[in-house]
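The structure appears below as structure tokens.
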Amino acid sequence: MEWPGLKPLAGHLKSAWEYGTPLRTEYERRSALVELDALVAVWLGMSADELIAIHKARYAILADRESEMWFDAEGRQLAKDSYAFGHGRTKEHYEQYMAFENKERTEPPEGYTAPSTRPSAKRKCVPRTPTSRSG
């Protein structure tokens, strides 16, 4: 899957753990979670449509939170929901960002780096044929 603004994960992994190994930004961590969901779905023999249906039926709150969430160019998360603010972010950051996006404010929130990316796990799902498993 392509993730705007992210280098492929395997591109910087080494056999030994080091400072640069972890996923440092909230955007990197979120993309890894979506990728893991997709990998497990393929492993279980599920289609992308089945995975999306499960997320809609069982995790509707995630879609609600995602609909009011953005990531800046540095991978920092801005969200309306207090459970999804992002590290060091507050309701005020979100309100300032929305005013900036709606052209009601000329300056972005402090610590924000343009441009922003809207998350969508659904857009990332590409229908695939499950691989056959033996054993």
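Just so you know, we're using my numbering here: the sequence shown kicks off at 25 and counts up by one. Yeah, the Cβ is synthetic: ideal placement off N, Cα and C, and Gly gets one too.
Coarse secondary structure for residue i, derived from DSSP in three states
i, result
"residue 124", "helix"
"residue 77", "helix"
"residue 60", "helix"
"residue 182", "Outside the shown range of the chain (25 to 159) lies residue 182, about which nothing can therefore be said."
"residue 41", "coil"
Residue i and residue j closer than 9 Å at C-beta
i, j, result
"residue 97", "residue 140", "yes"
Rounded separation between residue i and residue j - CA only
i, j, result
"residue 159", "residue 69", "The predicted model places residue 159 with a pLDDT of 39, which falls under 50 and marks its position as unreliable; any figure quoted below should be read in that light. The alpha-carbon atoms of residue 159 and residue 69 are separated by roughly 14 Å."
"residue 123", "residue 133", "9 Å"
"residue 47", "residue 53", "6 Å"
Residue range of the unbroken alpha helix (DSSP H) whose run includes residue i
i, result
"residue 86", "84-90"
Range of the contiguous beta strand (DSSP E) that encloses residue i
i, result
"residue 95", "93-95"
For residue i: DSSP bridge partner residues
i, result
"residue 130", "None, per the DSSP bridge assignment."
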